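Those letters in the sequence shown? Residues 21 to 134, by my numbering. Where is the CB? At the ideal position from N, CA and C, for every residue including glycine. The structure displayed is predicted, hence computed values, not measured ones. Have a look at the structure below before the remarks.
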Amino acid sequence: MTRVLLGDFGAIVRLGLREVLEDGQLLVAEDAPADEILERLVGTLPDAVVLDLDVAHTPQLARRISERFPAVTIIACSSKRPEMQIFPPFHHGESYVTELTSVSLLEAVDRRNT
Numbered sequence: 021m022t023r024v025l026l027g028d029f030g031a032i033v034r035l036g037l038r039e040v041l042e043d044g045q046l047l048v049a050e051d052a053p054a055d056e057i058l059e060r061l062v063g064t065l066p067d068a069v070v071l072d073l074d075v076a077h078t079p080q081l082a083r084r085i086s087e088r089f090p091a092v093t094i095i096a097c098s099s100k101r102p103e104m105q106i107f108p109p110f111h112h113g114e115s116y117v118t119e120l121t122s123v124s125l126l127e128a129v130d131r132r133n134t
């Protein structure tokens, strides 16, 4: 089971993400504000973190997370565009953008198990 920390999203987006991640994922924390993400990572030790791509500081936060927690997969999802930015583990903050679908999100979250 993949442990997931879900960042701060609007209520409707959070419900949708929770629905997609329901099977085979364990939400260890959700609605985590950006300024608390690093603290919550220490307390929950997730395998993946899902952040809001539409927040301006998300790329910087993702790089800070990847520096302190290199084994964590970081996925930043947009609620405005059908895309997500993935920061794979052990890639030192490097990322790529791909299409956001329920299948691609699950594959990105579960990448360590494939």
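Checklist entry - From this set, 31, 79, 44 and 114, which residue's C-alpha is nearest residue 123's C-alpha? => result Residue 123 has its Cα closest to that of 44, out of 31, 79, 44 and 114.
Item to check | Nearest neighbour of residue 90, chosen from 30, 117 and 111 [CA to CA] | outcome: 111
Item to check | Alpha-carbon spacing of residue 134 relative to residue 22, whole angstroms | outcome: Only weak support exists for where residue 134 lies, its pLDDT of 46 falling under 50; the value from the coordinates is given anyway. Their backbone Cα atoms lie some 11 angstroms apart in a straight line.
Item to check | chain E within 7 angstroms of residue 46, Cβ atoms only | outcome: Protein chain content of the structure displayed is limited to a single chain, and chain E is not contained in it.
Checklist entry - Just how far apart, CA to CA, sit residue 120 and residue 58? => result Inter-residue distance for residue 120 and residue 58 is about 25 angstroms (C-alpha atoms, whole angstroms).
Checklist entry - Of the choices 31, 117 and 50, whose alpha-carbon is the least far from that of residue 212? => result Residue 212 lies beyond the range of the chain shown here (21 to 134); nothing can be said about it.
Checklist entry - Where in the region 34–109 do unbroken runs of the beta strand (DSSP E), each at least 3 residues long, occur, reported from the N-terminal end onward? => result Counting only runs of 3+ residues, the beta strand (DSSP E) found wholly inside the region 34–109 occupies 45–52, 68–72, 93–97 and 103–107, in chain order.
Checklist entry - In three-state DSSP terms, what is residue 114? => result coil
Checklist entry - Taking buried to mean at least 16 other C-beta atoms within 10 Å of its own C-beta, is residue 102 buried or exposed? => result Exposed, by the Cβ-count rule.
Checklist entry - How is the beta strand (DSSP E) around residue 25 delimited, first residue to last? => result Start and end: 22–27.
Item to check | Delimiting residues of the alpha helix (DSSP H) encompassing residue 125 | outcome: 122–129 is the extent of the alpha helix (DSSP H) around residue 125.
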